[in-house]
Amino acid sequence: MQVAIVGLARSGKTTVFNTLTRGNAETGGFGGMTVNVGVDKVPDERLTRLTELFKPKKEVAADVTYVDLPAPPTSADGIEAAEIPADQLARLRTADELLHVVRAFEDPSVPHPDGSVDAWRDIERLDLEFVLADLGQVDKRIDKLKIQGHHGSPAEREANDRELAVLEKLAPALREGRPIRDVELADDEAKTIRGFRFLTEKPVLVLLNIGEGDIAKAADLAAGIAKRYQHKHSQVEALSAKIEMEIGQLDAEEAEVFRSDLGLTEPSLERVIRLSYKLLGLISFFTAGPDETRAWTIPAGSTAVDAAGAIHTDIARGFIRAETVSVEDLLALGSMAEARKQGKLRSEGKTYIVKDGDSLEILHSS
Ligand SMILES: Nc1nc2c(ncn2[C@@H]2O[C@H](COP(=O)(O)OP(=O)(O)OP(=O)(O)O)[C@@H](O)[C@H]2O)c(=O)[nH]1
Ligand SMILES: [Mg+2]
4 MQVAIVGLAR SGKTTVFNTL TRGNAETGGF GGMTVNVGVD KVPDERLTRL TELFKPKKEV
64 AADVTYVDLP APPTSADGIE AAEIPADQLA RLRTADELLH VVRAFEDPSV PHPDGSVDAW
124 RDIERLDLEF VLADLGQVDK RIDKLKIQGH HGSPAEREAN DRELAVLEKL APALREGRPI
184 RDVELADDEA KTIRGFRFLT EKPVLVLLNI GEGDIAKAAD LAAGIAKRYQ HKHSQVEALS
244 AKIEMEIGQL DAEEAEVFRS DLGLTEPSLE RVIRLSYKLL GLISFFTAGP DETRAWTIPA
304 GSTAVDAAGA IHTDIARGFI RAETVSVEDL LALGSMAEAR KQGKLRSEGK TYIVKDGDSL
364 EILHSS
């Protein structure tokens, strides 16, 4: 899973990146063109507890790749309607999700490119750039299909028409400034345009980067924006990136003290990671044994065979059955054997829909 960190100049993208990845990329670089890439483990207390129980040689958490991209040139240079450069667009398209960092902190030592802090204005501005990028691509493709449509075999022409019909549904929505994620599409229509990897189709987590003095109001500030940001597959969160970055550099005990002093009850960044995971419709299942405890990522709705395939294609091919127990039951009962004795262990077949928090032992022929 890959998350692109996007936002206008000096909104705090790199600070958020550092916090998420415990990195130390240079911040305050004033619109530099550096791209930072880092990997972070998805925090999951269920995995931690499984590891405590099984004491395996190794623990493997699910991970997320974060890509911190430069701000689009428009916002950095104040040039109207400059396009997002092609190389940045290409990087954006490969992402599964956008983490849109929005400046909501006041700090005279970090001048806002527009002279004033206005989170809503900035959200709309970047969203518009993404809409325009998608619209450019849609229009170009429509023109091409219209020319191409008169040629080719009947099957080719039919495929041509099908694609054209979907794109002609998207174009007017984009012209009105609506993101593709809001357009109602049937499954086969969505599949037709999947290859484009449109920016406004990706799920988005809007992250308000609030000032240190606003931490107590974080939830209210996020709710205020969420009320106006009524899009599908989107969510709004608020945190103070600078403080979170500083906390991230402390050891666990110090961090705890610091957090409670600030009235930060829950680690905001863990929440962000989990939310971005959920927004993608991903769930976790676990495998646990003396060698290794491990969290695996699969799309919600996956079957037991899909889960086996996430581990290894050979295991999917030789799938016999999945001995299944919820992690909570497994943790409460202490072992697979005990879970079996108590009737909590189920034998599930190929078509079983795996649930978030299932612990699986997949039996397979080799
Ligand atoms: N006071 C305050 N300053 C912050 C906060 N978050 C980031 N900053 C500061 O704002 C400046 C810009 O932060 P960056 O993380 O570099 O922002 P960016 O979006 O990556 O900036 P560019 O890559 O230049 O577009 C830095 O000096 C940060 O220290 C915050 O929550 N509060
Ligand atoms: Mg940066």
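Here my numbering runs 3 ahead of the position in the sequence shown, where the first position is 1. Don't be surprised by glycine CBs; every beta carbon is placed ideally from N, CA and C. Bear in mind the structure is a predicted one, so any value in this text is a computation, not a measurement.
Beta-carbon gap between residue i and residue j smaller than 7 Å
i    : j    : result
T17  : A28  : yes
F57  : D137 : no
K235 : D185 : yes
N212 : R106 : yes
A342 : L334 : no
S271 : E247 : yes
S338 : A291 : no
V239 : A229 : yes
I250 : F261 : yes
A313 : E351 : no
F133 : D71  : no
Cβ-heavy atom distance, residue i to ligand 2, below 6 Å
i   : result
T22 : no
Residue i Cβ short of 6 Å to ligand 1 heavy atom set
i    : result
G32  : yes
K245 : yes
V113 : yes
A176 : no
D359 : no
S14  : yes
D110 : yes
A74  : yes
N39  : no
S27  : Residue identity differs from the one stated: residue 27 is Asn in this sequence, not Ser. False, no ligand heavy atom lies under 6 Å from that Cβ.
N212 : yes
Reference residue i; option with closest CA among the options
i    : options                : result
D370 : T300, L333, V169, L177 : Beyond the ends of the chain as shown, which are 4 and 369, falls residue 370; an answer cannot be given.
L102 : I218, T203, S263, S305 : T203
E55  : K149, T296, E171       : T296
A241 : L267, K358, E257, S263 : L267
V328 : I301, D309, Y232, D359 : D359
G32  : T22, I87, G15          : G15
A65  : W299, K353, A311       : W299
V9   : G26, Q91, L50          : Q91
E364 : I323, D110, Y232, A176 : I323
R178 : D130, N163, V207, V45  : D130
In chain order, what residues have a CB nearer than 5 Å to some heavy atom of ligand 4? No copy of ligand 4 appears in this structure; the ligands present are ligand 1 and ligand 2.
Identify every run of the beta strand (DSSP E) within the stretch 71 to 154, keeping only runs that are complete inside it and at least 3 residues long; order them along the chain.
100 to 107
Inside the stretch 299 to 323 only - alpha helix (DSSP H) runs reaching at least 4 residues = 307 to 314, 316 to 320
Which complete alpha helix (DSSP H) runs does the stretch 166 to 244 hold, if anything under 4 residues is left out? 190 to 195, 221 to 231
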